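Chemist: Before we start, here is the structure in question, set down as structure tokens.
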Amino acid sequence: MEFDAYDWNSIILGLLATCLFAECIILLVRVNSLKNSSLAEAEKIRTDEKLKYEKKGNELEMLYKEREIELKSEYEDLLSMAKAAKREQDEKLSELDARIRDAKFASERAEAEYARFSAVREEYRNSARQYAEKLAGLANLDVEQMREEAKREVRKKCMEDLSLYKSEVLEKSKREIDARAQRILVDSMQRMVSQLPQSATVSMVKIPDEAMKGRIIGKEGRNIRVFESETGTTLVIDETPEYVFVSSFNPTRREIAKTALEALVADGRINPATIEQAVANARGEIEGKTFSYGAEAVESLGLARVDPEIVSLLGRLNFHLSLNQNTLEHSVETARIAGMIAAEINCDPATAKRAGLFHDIGKAVSDQNLSHARAGAAALLKCGESETVANAVEAHHSEVEAKSVYALIVQAADALSATRRGARMEAMEGYIKRVQSLEGIALSFEGVSNAYVIQAGRELRVMVSPDAVSDIEAYEISKKIREKIERSVDGAFPVKITLVRERRYVEFSGDRPD
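Counting in our numbering, the sequence shown runs from 1403 upward without gaps.
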């Protein structure tokens, strides 16, 4: 039994050994197979890498050959350029050599010519000295005295010639300038279309019926007295149907009174209390319109960046009259004319328009210690306007020196706007009446032969007979005419009196012509 057991164990061990041996053989076979496959894969990889390397080498070789060809071509180009530059440089050097040779030859010739000139100059000086000494001997003068005398004569002759030439040039320039100035002024006046001002001292207010007139007058005239007291105007209630007239020479008061009366008529309640309230409301309404009037004037001229305070001052000018000429309309007209003149003489029209529009703005300033020109300039500088515009405003009545051409332009434009026929008169009828009155005053004096008014009533020309009036008497007559005009004629603006006493002598040679 023991033997049997042992025999089975041997068999099992033999079987296990056999299996183990078989596994070892299988492992060896697998190892050999893996080794062979690894060797084959390595060989394949080696072969592929070698092919790639050879291909890359061929590509690099081709690239190197192409680059070699390009470099060779560039080298040949550079070589040809260098050869061309060398040829050009050689040509320039040869040209410079030729110039240097020519310059040396010219220098030698110049030295020779200078030597010859020096010899001739010395010979001339000796001859001139000898000639001067001979002249001095003949004139009993020394050479220096003769030289000074000659200088004086030459200087005198030159001064005479220059004086004649200067007079001729100045006269020609004056004629040309006068002609051009006349053309510019005439063109500006023709292009500026303005209506003559009409007498505007009365405003009309329409009423619904005749009974309203009695309500406006009030019991025993109480309402009309309160209205005239509050507004500073005069109510004219006559037989004219459906209308009541507000009369005043102050346009601001007249406009306030008209607005207040229209409100009272529309409301129907007319008594002292409502009158006071209506006048206060009208005054506030008119003050509110002031800015819009100024803004409209600025906009009509196309001006930019105008201070609101200046716009308000401009609006106040709409209620100001200068001898029946609306000051705001006069300012706008002056600005337009100034712009036209500036454009004609190649100046800035915008600056000329600003100065022309603002030139009378001082009339709306409450400062009574300064003239309106100086007050206006101070207000403009305070509001940030330029020195050029301020000086043009301040100098438009020649109170200060004009520092720019714009001041002269504003003076001319202001004169054109103010002195055109009937511009500042009580329309045509009043203008004619004033002219006749001035001429009549002058003709009333003994010795006055003729008198006529010019410059739109601003100047009176008086002609006196030289046989009847002496120079001293002519001066006395001019003073008497001035005094009589101051007493008899409205002195709202000054009148220049020019008295002429002229004597003419006429003679004829030979037979007197028919």
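Virtual Cβ for every residue (Gly too), placed ideally from N, Cα, C. Quick caveat, the model's predicted, so the values are computed rather than measured.
Please determine, among E1888, Y1645, M1614 and E1909, the residue with the shortest C-alpha to C-alpha distance to M1606.
Modeler: Closest option to M1606, Cα to Cα, is Y1645.
Chemist: Between the C-alpha atoms of A1792 and K1898, what's the straight-line distance to the nearest angstrom?
Modeler: Cα-Cα distance, rounded: 28 Å.
Chemist: Judging by CA-CA distance, which residue of D1709, A1814 and L1716 is the nearest neighbour of L1783?
Modeler: Cα-wise, what sits closest to L1783 is D1709.
Chemist: Rounding to the nearest angstrom, what Cα-Cα distance links L1715 and V1864 in this structure?
Modeler: C-alpha separation (whole angstroms): 42 Å.
Chemist: So V1866 and S1851 are supposed to be a Cβ contact under 8 Å. How far apart are they, rounded?
Modeler: So it is a contact: roughly 6 Å between Cβ atoms.
Chemist: Taking only the alpha-carbon atoms, compute the straight-line gap between N1771 and P1674 and give it to the nearest angstrom.
Modeler: Approximately 38 Å between the Cα atoms of the pair.
Chemist: Identify, in the order they occur along the chain, each residue of the same chain with its Cβ nearer than 6 Å to the Cβ of P1751, setting aside the five sequence neighbours on each side.
Modeler: Same-chain partners within the cutoff: G1741, A1744 and A1745.
Chemist: Can you grab the Cα-Cα spacing for the pair K1506 / K1474, in whole Å?
Modeler: Going by the C-alpha atoms only, they are around 47 Å apart.
Chemist: Does DSSP classify F1847 as helix, strand or coil?
Modeler: Three-state DSSP puts F1847 in coil, outside helix and strand.
Chemist: With 16 other CB atoms within 10 Å as the buried threshold, where does Y1696 fall?
Modeler: In the sequence under discussion, the amino acid at residue 1696 is Gly, which differs from the Tyr named in the question. With 16 or more other Cβ atoms within 10 Å, it is buried.
Chemist: Suppose you measure from the CA of P1653 to the CA of H1722; what does that come to, to the nearest Å?
Modeler: Distance between the alpha carbons of P1653 and H1722: 7 Å.
Chemist: Taking only runs of the alpha helix (DSSP H) that begin and end inside the segment 1604-1676, which ones reach a length of at least 4 residues, in chain order?
Modeler: Runs found: 1613-1619, 1624-1633 and 1653-1669.
Chemist: Considering Cα atoms alone, identify which of N1720, E1493, V1700 and A1668 is closest to G1691.
Modeler: Looking at the sequence itself, residue 1691 is Lys, so the reference to Gly does not match. Selected option, being the one with the closest Cα: N1720.
Chemist: So what does DSSP say about Y1907, is it helix, strand or coil?
Modeler: Coil.
Chemist: Is the beta carbon of T1661 sitting closer than 8 Å to the one on D1669?
Modeler: Result no, Cβ atoms of T1661 and D1669 do not sit closer than 8 Å.
Chemist: Suppose you measure from the CA of Q1813 to the CA of A1757; what does that come to, to the nearest Å?
Modeler: Rounded to whole angstroms, Q1813 to A1757 spans 10 Å at the Cα level.
Chemist: In the DSSP output, what is Q1813 paired with across the bridge?
Modeler: DSSP output for Q1813 lists no bridge partner at all.
Chemist: Let's see if you can read the secondary structure: which residues bound the beta strand (DSSP E) around V1866?
Modeler: E1861 to V1866 is the span of the beta strand (DSSP E), which, as asked, contains V1866.
Chemist: Tell me whether K1805 sits in a helix, a strand or coil according to DSSP, three-state version.
Modeler: Of the three classes helix, strand and coil, the one that applies to K1805 here is coil, per DSSP.
Chemist: Relative to the C-alpha of R1903, which candidate in D1869, R1624, E1885 and K1881 has its C-alpha closest?
Modeler: Looking at the Cα atoms, D1869 is the closest of the given residues.
Chemist: If I1879 and F1847 are in contact, beta carbons under 8 Å, what's the gap, nearest whole angstrom?
Modeler: Right, the Cβ-Cβ distance comes to about 5 Å (below 8 Å), so this counts as a contact.
Chemist: Identify whether L1418 lies in helix, strand or coil by the three-state DSSP scheme.
Modeler: If DSSP states are grouped into helix, strand and coil, L1418 belongs with the helices.
Chemist: In the DSSP assignment, find the alpha helix (DSSP H) that holds E1735 and state where it starts and stops.
Modeler: Segment T1729 to E1746, the alpha helix (DSSP H) holding E1735.
Chemist: Of the residues R1889, L1441 and Y1877, which one's Cα is nearest the Cα of L1901?
Modeler: Closest option to L1901, Cα to Cα, is Y1877.
Chemist: How far does the alpha helix (DSSP H) with D1873 in it extend, from its first residue to its last?
Modeler: D1873 to S1890 is the extent of the alpha helix (DSSP H) around D1873.
Chemist: If you draw a straight line from the C-alpha of G1415 to the C-alpha of V1431, how long is it?
Modeler: Before going on, a small fix: residue 1415 reads as Leu here, not Gly. L1415 and V1431: Cα-Cα distance of roughly 24 Å.
Chemist: Which same chain residues end up closer than 6 Å to V1648 when comparing Cβ atoms and leaving out the 5 residues on each side of it in sequence?
Modeler: Excluding positions up to five away in sequence, the list reads S1605, T1635, R1656, A1659 and K1660.
Chemist: Buried or exposed: N1434, going by 16 or more other Cβ atoms within 10 Å of its Cβ?
Modeler: Exposed: under 16 other Cβ atoms inside 10 Å.
Chemist: If we ignore side chains and look at the alpha-carbon of each, how far apart do L1480 and L1495 end up?
Modeler: Cα to Cα, the separation comes out at about 22 Å.
Chemist: Looking at the structure shown, is N1771 part of a helix, part of a strand, or coil, going by DSSP?
Modeler: Three-state DSSP puts N1771 in coil, outside helix and strand.
Chemist: Which two residues bound the contiguous alpha helix (DSSP H) that contains G1758?
Modeler: Unbroken alpha helix (DSSP H) run through G1758: P1751 to F1760.
Chemist: Between which two residues does the alpha helix (DSSP H) holding A1792 run?
Modeler: Note, A1792: alpha helix (DSSP H), E1789 to E1796.
Chemist: Taking buried to mean at least 16 other C-beta atoms within 10 Å of its own C-beta, is M1464 buried or exposed?
Modeler: By the neighbour-count rule (16 or more Cβ atoms within 10 Å), M1464 is not buried but exposed.
Chemist: Answer with buried or exposed for L1862, where buried requires no fewer than 16 other C-beta atoms within 10 angstroms of its C-beta.
Modeler: L1862 is buried by the Cβ-count criterion.
Chemist: Helix, strand or coil: how does DSSP classify V1556 here?
Modeler: Helix.
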